[in-house]
Amino acid sequence: MLFDKFKPMADFQAELAERNVAPFGAVTEKILSATEGVVQGHNVILAGTNNYLGLSFDPRCIKAAQDAATRWGTGTTGSRLANGSFVEHQALETEIAQFYGVDNAIVFSTGYTATMGMCATLAGPGDVILLDADSHASIYTGVKLSGAEIIRFKHSDPEDLAKRLRRLGDRAHQALIIAEGIYSMLGDVAPLREIAAVKREYGGYLFVDEAHSMGVMGATGRGAAQAAGIEADVDFFCGTFSKSLGAIGGFCVSRHAELAAIRFCIKSYIFTASSSPSIIASTREALRITAAEPELQTKLWDNCNRLYHGLKSMGLPVGPTASPVVAVTLEDRSRTIDCWKALMQAGVYVNLVIPPASPSTNFLLRNSVSAAHSSAQIDTIIAAYADLKAAGLITGTQAD
Amino acid sequence: MTDYLEYLNFLCSALESQNKNKLVLSEDTSLVADIGLSSLEVMEFIEKIEDHFDISIPLNILPDVNTIGDLATKVKQLNL
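Chains as they are written, first to last, in the numbering used here: chain A, 1 to 400; chain W, 1001 to 1080.
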């Protein structure tokens, strides 16, 4: 039957309903600030929003969006290749290219379509793609659409990447190597310096998704490749406007002039409406702020360290290093759901992550940190986890 | 050159640790329906094969793999 494959998910949703908990698609009834809101009737600290720099409520970004809506209307009602390219879109492309110090950029309507579209288009039948095993769903979807030969390398394992490039022989020179800056679920930073060294040894093209690292890492906020000092080795950068920049949209930038021709071959770019001018305007302003105000990144990392070490010192199983994503790993699904519910009741909203979205068979309470969080809010989040521990819902250094 | 049966025997013995239901493994045994491997366990098993034979198994072949025999055939083709 057509619908049989959805039964396990329907059963899971029924179980959640029976337990009176709705972690997926939790409805926000009111946003009070970049870090506070009312979600499912609870006044909560928002610790699951990816609003890394807190710019979604920056008055300058809001004003830019308001002005653009007044000037340009609410939407473009068309594709970039039809009627949907306004000077605002063009200006953002120029500015994001300048931000990365390259000459070529494409702006997409979402980060997902940017990454998926580039992965689906850059390589084709006869080509080879090597992707990190823990790559985002947009990457997996894109490479599947490409028709290229797809080979996984072990997560953040440059030696495994090297082994696989060696096996390719001469084909390695044309391979597309895909990695991310910060991985979205556990917040671990990719070993890009080592990956770039492997690329230099074997050849190939390096594609880095900076979705969770743009605005977060690097001297001017370009991301993990900048922080690793290997930007010259990166052929394509992709990213999103929906995290650090507080809006929605995506981009690809490159030093390769061929990106101009590639633009006309990306289906997820061609056959979708372009971003609303208000979104483009707020993104432009947020990009300007990101470059001009590095203190936001400093504040963010202060908060990251505070939360990470606060949870780690309690013995909770967090990721390998401090990062804007601080995930607590648990093995038991039912207990993880209980924890999520208890956090909500304590006034803390985090993301509940289940396989296959989590990179293993484990379950995650995924916290994301913002520069806009106050120290007191971070301490409240830590205290809420301490209460979980006191209640026996989380018991120590081992995943429960 | 390794023949099909040698690949099959290797795969069967490598799967024993995940053969929770103590099935008699054969070329017709389904990795998912019979042994009950999750998608993650399938990928871990693929990595084990890759390391053993020093090959890379493209993800593209997986939709065509149902049984241990299907996988043995694919690995043999890749390792020619």
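Idealized CB from N, CA, C, for every residue including glycine. Please read all numbers here as calculations on a predicted model, not as lab measurements.
Determine the contact status of A:V369 and A:C265, defining contact as a CB-CB distance below 7 Å.
-> no
Supposed close pair A:T110, A:G142 - CB separation, criterion 8 Å = For A:T110 against A:G142, the beta-carbon gap comes to about 13 Å, at or over 8 Å, which does not count as contact.
How would you call A:D233, buried or exposed, if buried means at least 16 neighbouring beta carbons within 10 angstroms?
-> Residue environment: A:D233 is assigned as buried (16 or more neighbouring CB atoms within 10 Å of its CB, all protein chains considered).
Please look up how many angstroms separate the CB atoms of A:I178 and A:I139, rounded, as I've assumed it's under 8 Å.
-> That pair is a contact at about 6 Å.
Looking at the structure shown, is A:F207 part of a helix, part of a strand, or coil, going by DSSP?
-> strand
Find the residues of chain W that neighbour A:E149, judging by a C-beta separation of less than 7 Å, and give them in chain order.
-> At a beta-carbon threshold of 7 Å, the residues of chain W lying near A:E149 are P1058 and N1060, ordered along the chain.
Determine the contact status of A:K243 and A:Y52, defining contact as a CB-CB distance below 7 Å.
-> Contact flag set, yes.
State the DSSP-derived secondary structure class of A:H309, mapped to helix, strand or coil.
-> In the structure shown, A:H309 sits in a helix (DSSP, three-state: H, G or I).
Chain W contact for A:Q398 (CB, 7 Å cutoff) = With a pLDDT of only 44 at A:Q398, under the threshold of 50, the placement of this residue in the model should not be trusted; the figure read from the coordinates follows. Output row for A:Q398: interface = no.
Could you tell me whether any non-hydrogen atom of the ligand PLP is closer than 6 Å to the CB of A:P158?
-> Summarising the ligand content, the structure contains no ligands, and the ligand PLP is consequently not present.
Note down, in chain order, each residue of its chain lying with its Cβ closer than 6 Å to the Cβ of A:C119, except the 5 sequence neighbours on either side.
-> Excluding positions up to five away in sequence, the list reads I139, G142 and V143.
Using a Cβ cut-off of 7 Å (strictly closer), state whether A:T361 contacts chain W.
-> yes
Start and end residues, alpha helix (DSSP H) containing W:D1051 | S1039 to F1053
Alpha carbon to alpha carbon, what distance is there between W:I1061 and W:E1041?
-> Going from the Cα of W:E1041 to the Cα of W:I1061 covers about 16 Å.
Is any beta-carbon of chain W found at less than 7 Å from that of A:R164?
-> yes
By a C-beta neighbour count over all protein chains shown, 10 Å radius and 16 as the cutoff for buried, is A:Q377 buried or exposed?
-> buried
Taking the C-alpha atoms as reference points, what is the distance between A:V350 and W:D1051?
-> 38 Å
Who pairs with A:G37 in a beta bridge, going by DSSP?
-> A:I31 and A:V44
Proximal chain W residues relative to A:P8, where beta-carbon distance stays under 9 Å = Result: empty, since nearest Cβ-Cβ is about 12 Å, beyond 9 Å.
Candidates A:H89, A:A175, A:R167 and A:D160, of which the one nearest A:G124 by Cα = Checking every option, the nearest Cα to that of A:G124 belongs to A:A175.
Top-ranked residue by Cα proximity to A:V44, from A:Q345, A:S358 and A:A137 | If we check each option's Cα against that of A:V44, A:Q345 comes out closest.
Give me whichever residues DSSP pairs with A:G327 in a beta bridge.
-> According to the sequence as given, residue 327 of chain A is Ala; it is not Gly. Its beta-bridge partners are A:R366.
What does a CB cutoff of less than 8 Å around W:T1067 pick up in its chain, not counting 5 residues either side in sequence?
-> E1027, D1028, T1029, S1030 and L1031
What is the C-beta distance between A:F363 and A:V348, in whole angstroms, given that I count them as a contact (C-beta under 8 Å)?
-> 17 Å between Cβ atoms; not a contact.
Coarse secondary structure for A:Y183, derived from DSSP in three states | coil
With 16 other Cβ atoms within 10 Å as the buried cut-off, status of A:D170 = exposed
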